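For what it's worth, the UniProt record's numbering labels the leading residue of the sequence shown as 1, then goes sequentially. Here is the structure we will look at, set down as structure tokens.
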Amino acid sequence: MVVASSIPQLSSGAVGFPIIDLSLDRSHVSNLMVKACEDFGFFKVINHGVPKLVIDGMEKEGLNFFSKTDLEKRSVGLLKPLGYGSKNIGFNGDMGDVEYLLLHANSQSISQASKSISKNSAQFCSTVNYYTQAVKKLACEILELIAEGLWVHDKYAFSRYIRDIDSDSLIRINYYPSCIDSAAPVHQSHGIGFGEHSDPQILTILHSNEVGGFQVALHDGTWVAVPPDSMGFNVIVGDLMQAFTNGRFKSARHRALANTTGSESRISIIYFGAPPMHAMVYPIPEVVKHMHHSLYRPFTWDEFKKTTYSLRLGDQRLDLFKVL
């Protein structure tokens, strides 16, 4: 079981994570993103263009689903790997004080899943599709800005993977019940809502309500609380981006604490931008030429995903793909 780190945690004001305004000059924004990815593997974006109505609608649908009875939620289907999950995270013994709904981020899959998730399946499907398309567009814009900041010849070098019709991107809704609503003793999860991990995909776009609990680890392992902000989006570098940039960017390790004291429930909506299963992942030439050699061997997303599912949540899975 993944438990809370014993490393002292800084206060949320001790480290100023980058907040990047997407309305500013494009070249300036791209440079800020590259520096944020190098320094933290994490940043927040504002003035992102995703309408508040779309965000609020998605949050409402999530809360509606998690307000159902356990029997109703389980009727959606337990994770295989998509569907509804509670307490168990993955398949290898990791646990947390969290419920979640995991869907494939394509319209056909969302439409099919909606039939068992909501009585008003058309509304659920429409809401989730609007949100997914909006954050996918945002993720692509961010990846193209990063490519420009890295002076990559093809600015679509990263974004084309999640634009691909066969992209394996996912949408996930995590629900952390308040201590008042939670029936299970929090000590079972050792105060952890969702344990320490990095995301295996290329890039993660995370939105949450105004309830705190999300934390990011600095490169030295110190945990820092990220202040809640219902208007911004958190952007997290994934393992594949670390491989693409030959280790210049490090995937950010992050976690969510259990909601042990608050009277309000926390909900987060996460978009995981991933390539097609057959896509080949390897360090891009523009980065390698400055570092003289590749740190990682070429591998497919399918191979890396299978490795991810075979390991514990907090394992350093990318180490298995290093060039010896």
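No residue lacks a Cβ here, since even glycine has one placed at the ideal position from N, Cα and C. Please read all numbers here as calculations on a predicted model, not as lab measurements.
Self-check item: CA nearest to the CA of residue 199, picked from 271, 155, 48
Solution: In the sequence shown, the residue the question calls residue 199 occupies position 199. Selected option, being the one with the closest Cα: 271.
Exercise. Evaluate the contact criterion for the segment 221–234 versus the segment 273–291: three or more CB pairs, one atom per stretch, below 8 angstroms.
Key: Taking a contact to require three or more Cβ pairs closer than 8 angstroms, the segment 221–234 and the segment 273–291 do not qualify as touching.
Quiz item: Considering residue 243, what are the terminal residues of the alpha helix (DSSP H) in which it resides?
Solution: The residue given as residue 243 occupies position 243 in the sequence shown. Boundaries of the alpha helix (DSSP H) around residue 243: 239–244.
Quiz item: For residue 297, which residues of its own chain have a beta-carbon under 7 angstroms away from its beta-carbon, when the five flanking residues on both sides are left out?
Solution: Along the sequence shown, read from residue 1 onward, the residue named residue 297 stands at position 297. Closer than 7 angstroms at Cβ, skipping near neighbours: 321, 323.
Quiz item: Counting Cβ pairs, one atom from each stretch, are 3 or more of them under 8 angstroms apart for the segment 116–124 and the segment 36–56?
Solution: Output reads no: the segment 36–56 does not touch the segment 116–124.
Self-check item: Cβ neighbours of residue 129 in the same chain (closer than 6 angstroms, five flanking residues each side left out)
Solution: Position 129 of the sequence shown, counting from 1, holds the residue named residue 129. The residues are 107, 110.
Exercise. Could you tell me the boundaries of the alpha helix (DSSP H) in which residue 32 lies?
Key: The residue you call residue 32 lines up with position 32 of the sequence shown. Per DSSP, residue 32 belongs to the alpha helix (DSSP H) from 26–39.
Practice problem: Return the bridge partner residues of residue 280 from the DSSP annotation. | Solution: On the sequence shown, residue 280 is found 280 positions in, with the first residue counted as 1. In DSSP, residue 280 forms a bridge with 300.
Quiz item: If you check the beta carbons only, do residue 33 and residue 145 fall under 8 angstroms apart?
Solution: Counted from its first residue, the sequence shown places residue 33 at position 33. Counted from its first residue, the sequence shown places residue 145 at position 145. Going by beta carbons, residue 33 and residue 145 fall inside the 8 angstroms limit.
Quiz prompt | Those residues which DSSP pairs with residue 203 across a bridge | solution = On the sequence shown, residue 203 is found 203 positions in, with the first residue counted as 1. Residue 203 pairs with 237, 273.
Quiz item: If residue 301 sits next to residue 168, beta carbons under 8 angstroms apart, how far is it from one beta carbon to the other, in whole angstroms?
Solution: Counting from 1 along the sequence shown, the entry for residue 301 is found at position 301. Counting from 1 along the sequence shown, the entry for residue 168 is found at position 168. Under the criterion of beta carbons closer than 8 angstroms, residue 301 and residue 168 qualify as touching, at roughly 6 angstroms.
Quiz item: Roughly how many whole angstroms lie between the Cα atoms of residue 103 and residue 148?
Solution: Here residue 103 refers to the residue found at position 103 of the sequence shown. Here residue 148 refers to the residue found at position 148 of the sequence shown. C-alpha separation (whole angstroms): 31 angstroms.
Quiz prompt | Sequence-distant residues of its chain with Cβ nearer than 7 angstroms to residue 139 (five each side left out) | solution = The count along the sequence shown starts at 1 and reaches residue 139 at position 139. Taken in chain order, the residues that qualify are 162, 203, 205, 271, 273.
Exercise. Report the residue ranges of all alpha helix (DSSP H) runs contained in full by the segment 127–163; include only those spanning at least 4 residues, in chain order.
Key: Segments of the alpha helix (DSSP H) lying fully in the segment 127–163: 159–163.
Quiz item: When burial is assigned at 16 or more other CB atoms within 10 Å of the CB, is residue 52 buried or exposed?
Solution: Taking the sequence shown and counting its residues from 1, the one referred to as residue 52 is at position 52. Counting the other CB atoms within 10 Å of its CB gives residue 52 a total below 16, which places it among the exposed residues.
Quiz prompt | Short Cβ contact (8 angstroms threshold) for residue 192 with residue 240 | solution = One-based indexing of the sequence shown puts residue 192 at position 192. One-based indexing of the sequence shown puts residue 240 at position 240. Contact: no.
Self-check item: Secondary structure of residue 17, DSSP reduced to three states
Solution: Start at 1 with the first residue of the sequence shown, and residue 17 comes out as number 17. Note: residue 17 maps to coil in three-state DSSP.
Quiz prompt | Through-space distance from residue 37 to residue 344, alpha-carbon basis | solution = Given that the chain is displayed from residue 1 to residue 324, the structure contains no residue 344 and the question cannot be resolved.
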